Amino acid sequence: MRQIWKSFRALYFASLMMLIGSGLLSTYLALRLAADHVDSLWVGALMAANYFGLVLGGKIGHRLIARVGHIRAYATCAGIVGAAVLGHGLVDWLPAWIVLRVIVGLGMMCQYMVIESWLNEQADAKQRGLVFSGYMIASYLGLVLGQLILVMHPQLGLELLMLVALCFALCLVPVAMTRRIHPAPLHPAPMEPRFFIKRVPQSLSTVLGAGLIVGSFYGLAPLYASQQGLTTEQVGLFMGSCIFAGLVVQWPLGWLSDRYDRALLIRCFAVCLAVAALPLAVLTKVPLEVLFVVGFVCSLVQFCLYPLAVAFSNDHVESDRRVSLTAMLLVTYGVGASIGPLLAGVMMNMFGSQMLYAFFSLCALILVWRIRPKAVTNMHQVDDAPLQHVAMPDSMSSSPLVAALDPRVNEQMVQEQMQTAAAEPEPEVDPQPPVDEPAFEGPPEPLGPEEHPHDLSRARP
Numbered sequence: 001m002r003q004i005w006k007s008f009r010a011l012y013f014a015s016l017m018m019l020i021g022s023g024l025l026s027t028y029l030a031l032r033l034a035a036d037h038v039d040s041l042w043v044g045a046l047m048a049a050n051y052f053g054l055v056l057g058g059k060i061g062h063r064l065i066a067r068v069g070h071i072r073a074y075a076t077c078a079g080i081v082g083a084a085v086l087g088h089g090l091v092d093w094l095p096a097w098i099v100l101r102v103i104v105g106l107g108m109m110c111q112y113m114v115i116e117s118w119l120n121e122q123a124d125a126k127q128r129g130l131v132f133s134g135y136m137i138a139s140y141l142g143l144v145l146g147q148l149i150l151v152m153h154p155q156l157g158l159e160l161l162m163l164v165a166l167c168f169a170l171c172l173v174p175v176a177m178t179r180r181i182h183p184a185p186l187h188p189a190p191m192e193p194r195f196f197i198k199r200v201p202q203s204l205s206t207v208l209g210a211g212l213i214v215g216s217f218y219g220l221a222p223l224y225a226s227q228q229g230l231t232t233e234q235v236g237l238f239m240g241s242c243i244f245a246g247l248v249v250q251w252p253l254g255w256l257s258d259r260y261d262r263a264l265l266i267r268c269f270a271v272c273l274a275v276a277a278l279p280l281a282v283l284t285k286v287p288l289e290v291l292f293v294v295g296f297v298c299s300l301v302q303f304c305l306y307p308l309a310v311a312f313s314n315d316h317v318e319s320d321r322r323v324s325l326t327a328m329l330l331v332t333y334g335v336g337a338s339i340g341p342l343l344a345g346v347m348m349n350m351f352g353s354q355m356l357y358a359f360f361s362l363c364a365l366i367l368v369w370r371i372r373p374k375a376v377t378n379m380h381q382v383d384d385a386p387l388q389h390v391a392m393p394d395s396m397s398s399s400p401l402v403a404a405l406d407p408r409v410n411e412q413m414v415q416e417q418m419q420t421a422a423a424e425p426e427p428e429v430d431p432q433p434p435v436d437e438p439a440f441e442g443p444p445e446p447l448g449p450e451e452h453p454h455d456l457s458r459a460r461p
């Protein structure tokens, strides 16, 4: 694992900076609107806009990468995201903030795609699981550190927006200074919604429910904590502890998932979430100690749903469809995460802040009703099921290209399905070197006046 960190530390650092900025921005906006006594519906709409941008970016990001290359696409999106972040400090009109949040989500998804393409290019086939684990740890750690910044700087001034923009500027450095060539262009495989709705309906229901819950949590939990009387420092600690619970639970969850029926585990965790959220759903004023303990327990459970659903669905889908399955699951999650904050925001606006955890409990009860282990026929279960459980980053902090890093997805299928639509070379560029020759031997030839050091014509085929 030490060698993995050493080899991929630049890309992990870029991911860490991105998630620090993203996590801090979400909590800052919620607290800023709470301080201005803005309706919770607007807070939910901002988080929904962010997830909508992430879903949209998953559809168009690969086109930008294929057109201008990985480094230029990453630098362009990082610059646009940084400008959009600072735009929140220049404009106080909330509809404009919604547009800016869409832009932030879209640009970040493109950055995820670049990083995951590079990780896949550099990772050995036998190390994909460890590389993916490091990526997940960097993602969770970034989200936690973003919350802890509020503990050190509780004032909700423009300095925090500058700090978020600073994080997106720093995430440019390791990618812009790389001496590696562009990785082979990857593109998400086409989704097959009708097929997967018939094949893995319970998994899709779980993923949709997880999106509803987790999307609402990131968008509205800071507002809920603020309305419970917590200071900015306490809100940062509350959010940081809850997100840290999502990281801690992944390893015991993997042990359980590989040994027990996954449909039964999903239903059990849904029951636990419905029960655990009840105290916060019923009590209008919660003691600080109870809030932290119950919030931590709820997060332990809610962050289990998505990884379990992914593992459960992979058990019932053939290897040649798992790339498409990953894209389908992420889009389903994004749809839920776009709708959840809006619904929860309406409930909080009408009935009070405690309705956030009432919404969690309601979604969990729907999953208890929807997930029926006895209805699983195992007719399409793959021969090597149960497959290895892999911890998955939450909150759409990955793109459809993450299938290339998932060790459950056959590497040959990744090559066939995710590299067949690479951008066609322009007619004036030099032909690529033969496949049986190494791409780089000896010092590079001097560039001509019309050539660029990151020209796609020099990319690996």
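Okay, so the sequence shown: first residue is 1 according to full-length UniProt numbering, each after it adds one. The beta carbon of each residue, even a glycine, is placed where N, CA and C say it ideally should be. Values in this document were obtained by computation on a predicted structure and should not be read as measured data.
Next item on the list: Count the CB pairs spanning the stretch 63-81 and the stretch 164-177 that are closer than 8 Å, and state whether there are at least three.
Entry: With the cut-off at 8 Å, the stretch 63-81 and the stretch 164-177 touch.
Check: Once you ignore the five residues that flank A169 on each side, which residues in its own chain have a CB closer than 8 Å to its CB?
Finding: Here the set comprises A78 and G82.
Checklist line | Residue interval of the alpha helix (DSSP H) (run including F217) | finding: P201 to Q227
Check: Based on Cα-Cα distance, which residue from M392, P279 and L308 lies nearest to F296?
Finding: The option with the nearest alpha carbon to F296 is P279.
Margin query: Just to check my reading of the structure: L405 and N120 have Cβ atoms closer than 8 Å, yes? What is that Cβ distance to the nearest angstrom?
Written below: 6 Å
Next item on the list: Can you say whether V429 is buried or exposed, counting buried as having 16 or more other CB atoms within 10 angstroms of its CB?
Entry: Note that V429 has pLDDT 45, beneath the 50 cutoff, so the model's placement of it is unreliable and no number is given.
Next item on the list: Please determine if the stretch 272-291 and the stretch 336-344 are in contact, where contact requires at least 3 C-beta pairs separated by less than 8 Å.
Entry: Because the criterion of three Cβ pairs below 8 Å is not met, the stretch 272-291 and the stretch 336-344 do not touch.
Notebook entry, point to check: Taking the Cβ atom as the reference point for each residue, do S139 and S338 lie within a distance shorter than 9 Å?
Noted result: no
Next item on the list: Kindly indicate the opening and closing residues of the alpha helix (DSSP H) around K126.
Entry: Neither: K126 is in no alpha helix (DSSP H) and is coded neither H nor E.
Check: Rounded to a whole number of angstroms, what is the C-alpha to C-alpha distance between K6 and F13?
Finding: 11 Å
Notebook entry, point to check: Are S353 and N410 touching if we call contact CB-CB under 9 Å?
Noted result: no
Note to self: Using 8 Å for Cβ pairs, my map puts M113 next to L401. What's the rounded Cβ distance?
What the structure shows: 5 Å
Next item on the list: Assign V290 to buried or exposed, taking buried as 16 or more other Cβ atoms, counted over all protein chains shown, within 10 Å of its Cβ.
Entry: Counting Cβ neighbours within 10 Å, V290 comes out exposed, since fewer than 16 surround it.
Notebook entry, point to check: Does the distance from the C-beta atom of Y28 to that of L150 stay below 9 Å?
Noted result: yes
Next item on the list: Assign W42 to buried or exposed, taking buried as 16 or more other Cβ atoms, counted over all protein chains shown, within 10 Å of its Cβ.
Entry: Per the 10 Å Cβ criterion, buried.
Next item on the list: Please name the residue, chosen from Q388, M347 and S133, that lies closest to Y260 on a Cα-to-Cα basis.
Entry: Nearest to Y260 by C-alpha distance, out of Q388, M347 and S133, is Q388.
Note to self: Just to check my reading of the structure: I371 and S205 have Cβ atoms closer than 8 Å, yes? What is that Cβ distance to the nearest angstrom?
What the structure shows: 7 Å
Item checked: Counted within 10 angstroms of its Cβ, other Cβ atoms place W369 as buried (16 or more) or exposed -> exposed
Checklist line | Local conformation of P400 per DSSP, three classes | finding: helix
Check: Near A123, which residues of its chain fall below 6 Å by C-beta distance, leaving aside the five closest residues on each side in sequence?
Finding: The answer, listed in chain order, is V131.
Next item on the list: Evaluate the contact criterion for the stretch 91-107 versus the stretch 49-65: three or more CB pairs, one atom per stretch, below 8 Å.
Entry: yes
Item checked: Backbone CA spacing between Y224 and L356 [nearest angstrom] -> For Y224 and L356, the gap between their C-alpha atoms comes out near 7 Å.
Check: Does DSSP classify H70 as helix, strand or coil?
Finding: helix
Check: Is the Cβ of S338 closer than 9 Å to any Cβ of chain B?
Finding: No chain B is part of this structure, which consists of one protein chain only.
Note to self: What does the alpha-carbon distance come out to for the pair R9 and I115?
What the structure shows: 12 Å
Item checked: Cβ-Cβ distance between G165 and L86 below 9 Å -> Checking the displayed sequence, the identity of residue 165 turns out to be Ala instead of Gly. For A165 and L86, yes; Cβs fall inside 9 Å.
Next item on the list: Could you check what DSSP says for C171 in three-state terms: helix, strand or coil?
Entry: coil
Notebook entry, point to check: For F360, is the classification buried or exposed, using 16 other Cβ atoms within 10 angstroms of its Cβ as the cut-off for buried?
Noted result: buried
Check: Is S7 helix, strand or coil when you go by DSSP?
Finding: helix
Check: If we call anything under 9 Å between Cβ atoms a contact, is V323 one with V214?
Finding: no
Note to self: For W251, tell me which candidate among M136, C268, G146 and G53 has the shortest Cα-Cα distance.
What the structure shows: W251 has its Cα closest to that of M136, out of M136, C268, G146 and G53.
Notebook entry, point to check: From L24, M18, L94 and L90, pick the residue whose C-alpha is nearest to that of D36; which is it?
Noted result: L94
Margin query: Please classify L25 as buried or exposed, where buried requires at least 16 other C-beta atoms within 10 Å of its C-beta.
Written below: buried
Check: In this structure, does DSSP put Y260 in helix, strand or coil?
Finding: coil
Check: Using 8 Å as the Cβ pair cut-off and three pairs as the minimum, do the stretch 262-274 and the stretch 372-384 touch?
Finding: A contact exists between the stretch 262-274 and the stretch 372-384.
Next item on the list: Go ahead and pull the three-state DSSP assignment for M191.
Entry: coil
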